[in-house]
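Asker: I'd like to ask some things about the structure below.
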Amino acid sequence: MYDLTIPDTFNFGIANGLQVRDTSSTGYIQRKLMKALEDYKISWCKCVKDAQNNVIQFLYGDDNVDGTALEYQNVPILNCKNFYEEYVNIPNLHTKTKQRLQNMANELQEMYEWYSHNICFDSPEASIKFPINFERTLMNSTNINTNQPNINESSNNDIDPDFILDEYERLFDRIKLHKYNDGLWMFKFMLYQHCHPKKLICETNINKYKFTKYIKAIEQLFIKSHIEPGDAVGPVAAQSIGEPCTQLTLNTFHLSGVGGKSTVTRGVPRLQELFHLSKNPKNKSLTIILNPSINTNKSLVEKVSSEIGLSRFNDLVKSSELRYENMINEYSEFENFNNLFKTIELNTIHSKWVLTILFDATNLFEKRIEMEEIYSSIFKLFDTDGIYCNYSDDNAQNIFIRIKVNPNAQQFKKIVVQDEIPEITILTYIETKLMNNLVIRGVDKIESVTLRQDIRSASKKEWMIDTIGTNILDVILHPQIDKYKTTSNDIHETYSVFGIEASRNILITEIREVMDEASDIDARHVHLLVDMMTSKGKLIPIDRNGMKYSTNGPFAKCSFEEADTQLYKAAVFSETDNITGVSSNIILGQCPPCGTGIVDVSLDENKFKQFTNELSEFEDYDNLFNVDD
């Protein structure tokens with residue numbers, strides 16, 4: 057590993073100012089994660105709870121599966137081009153049976169779309185982590201050697217799609233985890249792909265006996281994959297996220313001189329912004345998704361981007377000039393021609409002082425701004441009384457606008473200064489105000505826009521817009537923007553506009569995008585961390601400021617930071633500690649309530665009272681317990 061203090065290591069990241077972070081920062085991140093998540097464990101009801109018995113997740117990882125039981129498996133549906141042909145088209149089927157297969161195929165297709173958009177971010181991978189290898193289990197089940205009569209082995213054509221689907225439904229009823237969240241989404245997604253009825257009937261030599269064995273096998277494997285009560289999932293999540301943070305730093309060390317990989321240096325600073333829930337992140341940005349009707353048409357997308365990006369007057373100006381003009385000058389012919397079409401009484405504007413502003417034609421073309429739009433914007437800032445504007449054609453070689461004023465106009469009376477030429481004072485004032493205040497078009501706070509083509513979608517290349525600056529509330533009002541998919545990387549803005557659930561989704565997406573630079577982290581760890589940050593219905597940062605939202609006792613708080621201050625406050629305000637957390641139990645030398653320490657001995661007061669009543673009926677207690685003299 058490179059030492060940041062030794063120049064001989066040739067750490068180009070330092071010289072280039074690429075925001076290299078040493079391992080002390082990432083070590084501190086891991087410590088904060090551990091203190092925030094140390095009390096989270098699996099309870100007896102399969103929920104993830106903290107030391108105060110508050111529910112953080114109703115089902116760990118949405119499937120209650122132990123992370124150690126997961127293995128990579130292929131996703132056959134990625135190669136499927138015709139769902140009907142792949143999953144439904146079995147010859148000689150009844151109409152009702154075919155309809156059931158069609159319903160299963162439709163459900164599988166909906167699952168795939170959700171998996172593609174929400175789990176893989178429109179970039180489906182060829183493998184997925186799941187505890188049951190259906191292909192291997194199916195192969196073992198169809199080659200079972202049993203001591204059963206041969207009739208079971210010989211009846212190879214006694215199975216039909218209805219029987220398979222009925223068995224699957226009964227299996228789902230037996231293994232569902234909760235009434236309102238069965239936790240079987242991924243189970244169904246993988247089962248329907250690897251063992252759909254058409255495959256079992258047409259491609260495998262399976263009968264009812266073997267199929268029943270197969271159902272029992274996957275049921276046992278699924279139950280065995282469940283995580284055990286008492287498992288300290290919080291510390292596991294903290295370590296799983298904290299270790300790759302250091303790897304992000306090491307990637308920065310090794311890749312800081314490589315242009316294409318240099319963006320990895322944003323990893324640790326961005327994680328700090330996310331964990332601290334910074335209200336002023338350095339690079340605020342919107343990812344704007346457009347409506348399907350235009351998102352593949354680059355010309356229409358450019359038009360929308362020009363309407364969103366902020367176009368200021370001073371960004372379009374190449375030069376400006378204030379001068380006194382005679383009757384004959386380079387603009388005389390232009391002025392005389394345009395005066396033929398003016399309805400204004402020109403004798404009211406008899407000043408010889410003219411403000412000429414020359415525009416950059418390239419900027420106007422790129423932003424699709426016409427001179428008429430600039431002309432209209434000027435008169436939104438000033439009254440028409442006393443100002444005369446004349447502008448060139450949009451196709452002219454030099455694009456300009458010329459401004460003259462009537463110093464006697466009412467709106468300029470407060471501007472005129474004694475002993476100065478009034479026209480110069482007024483035109484200078486107009487120029488300053490135009491340069492500083494005039495916005496031609498665009499959404500406030502959207503400093504610039506960039507078009508990007510989403511290459512992750514294999515079917516069609518969709519265009520999207522990235523911005524510098526955020527103002528999602530005004531942006532989604534545009535009729536050509538998909539307000540359901542447009543996102544902001546500013547967590548607080550998302551929270552204020554859309555609420556806590558949207559903030560949770562953005563946090564998960566942002567953390568996973570950063571962490572994917574280092575390693576493949578199981579999503580259940582990120583979900584647990586983000587659920588902790590949003591479980592109170594408001595945003596809770598992972599730092600000392602977030603500790604004030606914690607309901608832990610004084611011992612847990614003082615074990616993090618500011619130990620003396622926390623103990624002083626606890627003493628002054630008579631705080632108590634129930635000693636239910638990990639830190640408080642360790643401080644007192646007790647077994648922490650996780651793992652095997654989750655088991656408690658409880659007293660049944662009703663039975664104890666009944667026993668004492670029965671005991672009082674005996675005068676000779678020795679006879680009750682058969683105690684000899």
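Here this note's numbering is used: position 77 in the sequence shown is 133, and no number is missing along the way. Every residue gets a Cβ at the ideal spot worked out from N, C-alpha and C, and that includes glycine.
Name the DSSP beta bridge partners of E518, please?
Answerer: Within the sequence shown, residue 518 is the residue found at index 462, counting from 1. For E518, which the question treats as bridged, DSSP gives the partners D510.
Asker: To the nearest angstrom, how far is the alpha carbon of E358 from that of Y431?
Answerer: Indexing the sequence shown from 1 puts residue 358 at position 302. Indexing the sequence shown from 1 puts residue 431 at position 375. If I take the Cα positions, the gap works out to 23 Å.
Asker: Tell me, which residues are paired with Y624 by DSSP?
Answerer: Taking the sequence shown and counting its residues from 1, the one referred to as residue 624 is at position 568. Paired residue(s): none; Y624 is not in a bridge.
Asker: Is V360 closer than 8 Å to Q536 when the C-beta atoms are compared?
Answerer: The residue labelled residue 536 in the question sits at position 480 within the sequence shown. The residue labelled residue 360 in the question sits at position 304 within the sequence shown. Closer than 8 Å, so yes.
Asker: What three-state label does DSSP hand Y689 in the structure shown?
Answerer: For residue 689 there is no data in the structure shown, the boundaries of the chain being 57 and 685.
Asker: Between which two residues does the beta strand (DSSP E) containing Y128 stretch?
Answerer: To locate residue 128, count along the sequence shown from 1; it is residue 72. 127-130 is the span of the beta strand (DSSP E), which, as asked, contains Y128.
Asker: How would you write the range of the alpha helix (DSSP H) that S639 sits in, first residue to last?
Answerer: Position 583 of the sequence shown, counted from the first residue, corresponds to residue 639. Note, S639: alpha helix (DSSP H), 638-643.
Asker: Which one of Q249, I477, K137 has the shortest CA to CA distance from L194?
Answerer: By 1-based counting over the sequence shown, the position of residue 194 is 138. The option with the nearest alpha carbon to L194 is Q249.
Asker: Between D342 and T621, is the Cβ-Cβ spacing less than 8 Å?
Answerer: As a position in the sequence shown, residue 342 is number 286, starting the count at 1. As a position in the sequence shown, residue 621 is number 565, starting the count at 1. Position check: residue 342 holds Leu in this sequence, whereas Asp was assumed. Result no, Cβ atoms of L342 and T621 do not sit closer than 8 Å.
Asker: Given this structure, state the Cα-to-Cα distance separating D660 from G653, to the nearest angstrom.
Answerer: For the purposes of this step, residue 660 is taken as residue 604 along the sequence shown, with counting starting at 1. For the purposes of this step, residue 653 is taken as residue 597 along the sequence shown, with counting starting at 1. Straight-line Cα distance between these residues: approximately 20 Å.
Asker: Beta-carbon within less than 7 Å of K408's beta-carbon, same chain only, minus the 5 sequence neighbours each way: which residues are those?
Answerer: Within the sequence shown, numbered from 1, the residue matching residue 408 stands at position 352. The residues are Y380, E381.
Asker: Write down the C-beta distance between Q276 and F186 rounded to the nearest angstrom, noting that I regard them as a contact closer than 8 Å.
Answerer: For the purposes of this step, residue 276 is taken as the residue at position 220 of the sequence shown. For the purposes of this step, residue 186 is taken as the residue at position 130 of the sequence shown. With 8 Å as the limit, Q276 and F186 do not qualify as a contact, their Cβ atoms being about 16 Å apart.
Asker: Over the uninterrupted beta strand (DSSP E) stretch that includes N446, give me the two end residues.
Answerer: To locate residue 446, count along the sequence shown from 1; it is residue 390. From DSSP, the beta strand (DSSP E) with N446 extends over 443-447.
Asker: So, do the region 582-600 and the region 342-353 have three or more beta carbon pairs nearer to each other than 8 Å?
Answerer: no
Asker: Measuring alpha carbon to alpha carbon, tell me which residue in P478, F435, A465, N561 is nearest H173.
Answerer: Walking along the sequence shown from the start, residue 173 turns up at place 117. Cα-wise, what sits closest to H173 is N561.
Asker: For I457, write down the residues that DSSP places opposite it in a beta bridge.
Answerer: Position 401 of the sequence shown holds residue 457. Bridge partners of I457 according to DSSP: I413, Y447.
Asker: For E284, is the classification buried or exposed, using 16 other Cβ atoms within 10 angstroms of its Cβ as the cut-off for buried?
Answerer: As a position in the sequence shown, residue 284 is number 228, starting the count at 1. Exposed: under 16 other Cβ atoms inside 10 Å.
Asker: Does A574 pass the burial test, meaning 16 or more other C-beta atoms within 10 Å, or should it be called exposed?
Answerer: The residue you call residue 574 lines up with position 518 of the sequence shown. Classification for A574: buried.
Asker: V505 by DSSP, collapsed to three states: which one?
Answerer: To locate residue 505, count along the sequence shown from 1; it is residue 449. Looking at V505 - three-state DSSP - the assignment turns out to be strand.
Asker: One question on the structure: do I188 and I274 come within less than 8 Å of each other, judged by their Cβ atoms?
Answerer: In the sequence shown, the residue the question calls residue 188 occupies position 132. In the sequence shown, the residue the question calls residue 274 occupies position 218. Cβ atoms of I188 and I274: closer than 8 Å.
Asker: So, helix, strand or coil for T550, using DSSP?
Answerer: Residue 550 sits at position 494 when you count from the first residue of the sequence shown. Helix, per DSSP.
Asker: K423 and S362 look like a contact to me (Cβ under 8 Å); what is the Cβ gap, rounded to whole Å?
Answerer: Within the sequence shown, the letter at position 367 stands for residue 423. Within the sequence shown, the letter at position 306 stands for residue 362. Correct: roughly 5 Å between the Cβ atoms.
Asker: Does DSSP put K335 in a helix, a strand or coil?
Answerer: The residue labelled residue 335 in the question sits at position 279 within the sequence shown. It is coil, neither helix nor strand.
Asker: Would you kindly report the start and end of the unbroken beta strand (DSSP E) that includes L378?
Answerer: Sequence index remark: in the sequence shown, residue 378 carries index 322 (1-based). That run of the beta strand (DSSP E) goes 373-380.
Asker: Which residues in the same chain as E670 place their Cβ atom closer than 8 Å to its Cβ, once the five residues preceding and following it in sequence are excluded?
Answerer: Within the sequence shown, residue 670 is the residue found at index 614, counting from 1. Answer for E670: no residue qualifies.
Asker: Let's see if you can read the secondary structure: which residues bound the alpha helix (DSSP H) around K541?
Answerer: Position 485 of the sequence shown holds residue 541. Element bounds for K541: n/a, residue is neither H nor E.
Asker: Closest to Y143 by C-alpha separation, out of P253, E169, I220, would be which residue?
Answerer: Indexing the sequence shown from 1 puts residue 143 at position 87. Looking at the Cα atoms, P253 is the closest of the given residues.
Asker: Can you give the Cα-Cα distance for K568 and V104, rounded to whole angstroms?
Answerer: Taking the sequence shown and counting its residues from 1, one reaches residue 568 at position 512. Taking the sequence shown and counting its residues from 1, one reaches residue 104 at position 48. Checking the sequence, you will find Arg at residue 568 rather than Lys. Approximately 21 Å between the Cα atoms of the pair.
Asker: Grouping DSSP H, G and I as helix and E and B as strand, with all else coil, what is R87?
Answerer: The sequence position of residue 87 within the sequence shown is 31, counting from 1. Note: R87 maps to helix in three-state DSSP.
Asker: Identify whether H234 lies in helix, strand or coil by the three-state DSSP scheme.
Answerer: Taking the first residue of the sequence shown as position 1, residue 234 is located at position 178. The answer is coil: DSSP assigns H234 none of H, G, I, E or B.
Asker: If I297 sits next to L585, beta carbons under 8 Å apart, how far is it from one beta carbon to the other, in whole angstroms?
Answerer: For the purposes of this step, residue 297 is taken as the residue at position 241 of the sequence shown. For the purposes of this step, residue 585 is taken as the residue at position 529 of the sequence shown. With 8 Å as the limit, I297 and L585 qualify as a contact, their Cβ atoms being about 6 Å apart.
Asker: Any idea if A612 is buried or exposed, counting beta-carbon neighbours within 10 angstroms, 16 or more meaning buried?
Answerer: Locating residue 612 in the sequence shown gives position 556, counting from the first residue. So A612 counts as buried.
Asker: Alpha carbons only, please: which of N527, Y551, Q86 is nearest the one belonging to C301?
Answerer: Taking the sequence shown and counting its residues from 1, the one referred to as residue 301 is at position 245. It is Q86.
Asker: Is it right to say D95 is buried, meaning 16 or more other beta carbons lie within 10 angstroms of its own, or is it exposed?
Answerer: Stepping through the sequence shown from its first residue, residue 95 is reached at position 39. The residue in question, D95, is buried, as its Cβ has 16 or more Cβ neighbours within 10 Å.
Asker: Where does the unbroken alpha helix (DSSP H) through V357 begin, and where does it stop?
Answerer: Taking the first residue of the sequence shown as 1, we reach residue 357 at position 301. Per DSSP, V357 belongs to the alpha helix (DSSP H) from 354-364.
Asker: Strictly by DSSP, which residues pair up with K97?
Answerer: Position 41 of the sequence shown, counting from 1, holds the residue named residue 97. Answer is K105.
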